[in-house]
Ligand code: ACO
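In our numbering, the protein residues as written are 745 to 1195.
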């Protein structure tokens, strides 16, 4: 099989959002803290009408409908999520209701979990399956979804919610490079969810930023090394048309691109430094591990990388800025944003790197080529047209007052373990085609309907 990758994609985000300007006022923080300091504009959220099963099902069903997928042509279905509503039963098994109805039950795959990385783990599993001796010629579907909520306090504006569904197979318009994935995995208590009675994580915000940036350093340098083995002329960021990141909030992504340039600077010879990084010689003796919170380094390399950021990364932040951190789908919302920001002609032949990060921690940098084989051009066009329709729905959402948002969060929190339970969140406000929770019974079995 050749050119294995993403054939089609669908993104779901909630129909309600809170404006970050309103939230700054409501939280009584300085004007600009969330909008400029974090770089966020709007935050999507779900009432108690939606849960991880429903949002994943909404994305999956839309992908199937829009692309006329024959359910018997799917041999693998897997989910990446960190939104746990059951310690045993997977979200994938719930998604099987759609397939089992049609008698399609010979479908491998199950859920993958580690913070925001689960979606990437599921995606790699599916790519690997198609490339393996176990493959039977059918396609795979990967669903990544999360409801990202924090308790009241500084992390709350970095929430979000959403799900992405991706169809995986050969002869794809978005092709994954083989043999160059670079991972960095280690143990850290930067963000974790040890309190099973609560939907909220424990988060050490500053440590989580340090972990993210050190994972980026490690993945980027290893990725470049592996790429140079394939192509000695590979020049890192300069050889890439785009660089996409998991986005906890957009400002961190901009800082990350600066960080990539700082790595290029550290790796360059002194002659190269003078040529490529004029005026930055004061950082000659700085060390990677001592600079995670070095304001001077951060500022200098953000200024240095501004044009590169605008060109290679900023187009990928539209969904992240307007929905927030969706956790597992965050990077894939970045991919969607990047694709709809350009025409198919502008995309063909381009190569970009993606950095996936999940706290605790698991991270990988890998790369995608657009239409390695030109015959996939019409598939790319279909993919982009369909995503344009999806992204346009951002403008059809309802803005909600922060007090209403806060009250809805309280309802979620208070009823996280209530059974039996009938949700009170509005059905009217949901987009057509959205799955929603109807009831949780005494045995904590959940029933859903589709709007
Ligand atoms: N105008 C403009 N900027 C402002 C203002 C203002 N009025 N007030 C503050 N800022 C800036 C700050 O200078 C800071 O910028 P900097 O990062 O360049 O220093 C930024 O806004 C945030 O302000 P802080 O005081 O540093 O933020 P705080 O401590 O309140 O929380 C944090 C920020 C740590 C990101 C918090 O939101 C959090 O814990 N989020 C969840 C964890 C997270 O997302 N981690 C990242 C990776 S892990 C993951 O994906 C979950």
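Glycine residues also receive a C-beta, built at the ideal position from the N, C-alpha and C atoms.
Residues 1021 of the same chain have their beta carbon placed closer than 6 Å to that of residue 1009, with the five preceding and five following residues left out of the count. Nearest to residue 1104 by alpha-carbon distance, out of 947, 780, 1130 and 762, is 947. The three-state secondary structure of residue 895, taken from DSSP, is coil. Distance from the C-beta of residue 860 to the nearest heavy atom of the ligand ACO is below 7 Å.
In the DSSP assignment, the residues bridged to residue 927 are 1108. Short note on residue 947: C-beta closer than 7 Å to some heavy atom of the ligand ACO. Counting along the chain, no beta strand (DSSP E) covers residue 956; the unbroken alpha helix (DSSP H) around it starts and ends at 949–974. Here the stretch 816–824 lies against the stretch 856–872, with 3 or more beta-carbon pairs under 8 Å apart. Ranking 1153, 1165 and 1177 by CA distance to the CA of residue 942 puts 1153 first.
With at least 16 other beta carbons inside 10 angstroms of its own, residue 784 counts as buried. The beta carbon of residue 763 sits closer than 7 Å to those of 786 and 1143, all from its chain and outside the five residues before and after it, given in chain order.
In this structure, the alpha-carbon of residue 1063 lies about 33 Å from that of residue 977. Within a 10 Å sphere around the beta-carbon of residue 902 sit 16 or more other beta-carbons, which makes this residue buried. When the alpha-carbon of residue 757 is set against those of 923, 1156, 852 and 1133, the nearest one is in 1133. Between the alpha carbons of residue 868 and residue 929 lies a gap of roughly 15 Å. In this structure, the ligand ACO has no non-hydrogen atom nearer than 7 Å to the beta-carbon of residue 1006. In this structure, residue 842 places its C-beta atom within 8 Å of the C-beta atom of residue 804. According to the DSSP secondary-structure assignment, residue 1183 is paired through a beta bridge with 1191. With fewer than 16 neighbouring CB atoms inside 10 Å of its own CB, residue 745 falls in the exposed class.
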